[in-house]
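Asker: The structure under discussion is supplied below as structure tokens; questions concerning it will follow.
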């Protein structure tokens, strides 16, 4: 069975994790397919943004524990996974997580890697690795603490307990909660809103937002200004400002 | 003897608390039996209404105090444990159940028995029934949602009077104060409950479940938030087959045949 189902909605690519029997566990093969599809989407001018979702009960339940158990220290040391995660992280267009049900372990780390996240009202987010004698290994500690702060991140990671959609909303892990049955619709609508914007501006803004977590403020401000300046050379900037002044919709060409 | 009788007839699950010699008070076995039946009610689409009632002369006397015999020389018991593990999950599941729950209060409802009944979607009481917030008389606090429900149902003044004094509130007074839906004469009680349950079991269950959720959401939402909830739920309701059936039956001037989906 194909671990991913791809459907395109106008210029939005919807990727649905499709391993229901494995509760959408993110084994290496699935991560690899995901990386390949995102790399293809990055090079496809007809795709402006991407939504990742699971099923109604499981966004993604974690890594594949059998696969993990098979790896001793040397095998884990040389695991392909960090490179696969880096490839997902390199996707230059907006990435939206539409989370229904459980987003646990690697599933939660995938949500944290996305630019935007919305959730169904049944969503649960957790990093339960500690219960298995391990710890998050794909950004869980680093991205969660930057996202929700020390108190909640430490509580989640050290206790292994999940949080509800409501708590995730208050903590800033997600931006909206919807009824489960409408979550993907709303995520697609949100992605569609983004997709109407100038591609280079979107890409630059995403890059600048990412930089905020990498560099000190002064360096970040300089990089932000450089990207802002770079956009001054684009035809789409000219078009965007002209369209606004002429009170008409803008037609961007991605240059 | 079974502590809980569970009967499913024509879409109605009737749960009869069945410890009549103990006024149907709760012990662990009764909690476990209720939890099991609720799982069935949650999963089985053919069940479209749940009725909770009591066997014998009472509805439910709350926690069985025989299980709470405090040794005066021993350490203090942790009552929070059973609230957390047994009562709170029960209250949450009844509230979250996407089908109507009727409390058929046949006699005295005391303590958690009273607060549990008042938390159901539709409360019908027989004329001999009464509600007793007995907690304060033992030095305890109304639980199973009591302190949340009472101010919302009765207003602050009556909530405080009921909870602090712990007196008996007659079914008639409860109806007059708007705490419950209806009081029915004892002789007509079972027939009225059955008729109501049968009616609800033939209604558009999916839509009723959405209404129930919307009303719960309204307890904490602002108007603007609730308008968003209504928009979303209407969107979902519009996709249901019962909505199509309802409209076509109305236009064809025939009675609708709802499937609950």
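Protein chains in written order, with our numbering: chain R, 76 to 330; chain E, 3 to 263.
Don't be surprised by glycine CBs; every beta carbon is placed ideally from N, CA and C.
Treat the numbers as computed from the prediction; the structure is a model and nothing was measured.
(1) Alpha helix (DSSP H) containing residue 265 (chain R): first to last residue?
(2) Alpha carbon to alpha carbon, how far is residue 91 (chain R) from residue 77 (chain R)? Give it in angstroms, no decimals.
(3) Please give me, in chain order, every unbroken run of the alpha helix (DSSP H) with length at least 4 that falls completely inside the region 130–163 of chain R.
(4) Which value, in whole angstroms, describes the spacing of the CA atoms of residue 302 (chain R) and residue 316 (chain R)?
(5) Can you give, in chain order, each stretch of the beta strand (DSSP E) that sits fully within the region 158–234 of chain E and has at least 3 residues?
(6) Using a Cβ distance threshold of 8 Å, determine whether the region 138–151 of chain R contacts the region 221–240 of chain R, with at least three qualifying pairs required.
(7) Which term fits residue 260 (chain E), buried or exposed, when burial requires 16 or more other beta carbons within 10 angstroms of its beta carbon?
(8) Could you work out which residues of chain E lie near residue 95 (chain R), taking near to mean beta carbons separated by less than 8 Å?
(9) The alpha helix (DSSP H) with residue 229 (chain R) in it runs from where to where?
(10) Give the secondary structure of residue 248 (chain R) by DSSP, where H, G and I count as helix, E and B as strand, and everything else as coil.
(11) Strictly below 7 Å CB to CB, what residues from chain R border residue 234 (chain E)?
(12) List, in chain order, every chain R residue whose beta-carbon is nearer than 8 Å to that of residue 237 (chain E).
(13) What did DSSP end up calling residue 9 (chain E) once you bin it into helix, strand or coil?
(14) When you compare the CB positions of residue 244 (chain R) and residue 252 (chain R), do they come within less than 7 Å of one another, or not?
(15) Confirm, please, whether the CB-CB distance from residue 217 (chain R) to residue 159 (chain R) is below 7 Å.
(16) Out of R:125, R:153, R:171, which has the shortest C-alpha to C-alpha gap to residue 86 (chain R)?
(17) So, with DSSP's three-state summary, where would you put residue 33 (chain E)?
(18) Look up residue 52 (chain E) in the DSSP assignment and give the residues it is bridged to.
(19) Contact defined as beta carbons within less than 8 Å: I believe residue 214 (chain R) pairs with residue 184 (chain R). What is the distance between those atoms, to the nearest angstrom?
(20) May I have the straight-line CA-CA distance separating residue 18 (chain E) from residue 161 (chain E), to the nearest angstrom?
(21) Distance check for residue 205 (chain R) and residue 152 (chain R), CA to CA, integer angstroms please.
(22) According to DSSP, is residue 309 (chain R) part of a helix, a strand, or is it coil?
(23) Residue range of the beta strand (DSSP E) that residue 60 (chain E) falls in?
(24) If we ignore side chains and look at the alpha-carbon of each, how far apart do residue 254 (chain R) and residue 211 (chain R) end up?
(25) Beta-carbon within less than 8 Å of residue 104 (chain R)'s beta-carbon, same chain only, minus the 5 sequence neighbours each way: which residues are those?
(26) For residue 252 (chain E), report the span of its alpha helix (DSSP H) as first-last.
(27) Can the beta-carbon of residue 78 (chain E) be found closer than 7 Å to that of residue 107 (chain E)?
(28) Here's the rule: buried if 16 or more other CB atoms are within 10 angstroms of the residue's CB, otherwise exposed. What is residue 176 (chain E)?
(29) Is the CB-CB distance between residue 249 (chain R) and residue 192 (chain R) below 7 Å?
(30) Any idea what DSSP makes of residue 123 (chain R), helix, strand or coil?
(31) How would you label residue 157 (chain R), buried or exposed, when you count the other beta carbons within 10 angstroms and need 16 or more for buried?
(32) Taking DSSP as the reference, what is the three-state secondary structure of residue 90 (chain R)?
Answerer: To lay it out plainly:
(1) 258–270
(2) 10 Å
(3) 140–144, 148–152
(4) 17 Å
(5) 170–172, 184–186
(6) no
(7) buried
(8) By Cβ distance, chain E contributes nothing, its closest Cβ being about 18 Å from residue 95 (chain R), past 8 Å.
(9) 225–234
(10) coil
(11) 253, 254, 257
(12) 257
(13) strand
(14) yes
(15) no
(16) R:125
(17) helix
(18) E:15, E:103
(19) 5 Å
(20) 28 Å
(21) 19 Å
(22) coil
(23) 60–62
(24) 29 Å
(25) 78
(26) 243–253
(27) no
(28) buried
(29) yes
(30) coil
(31) exposed
(32) strand
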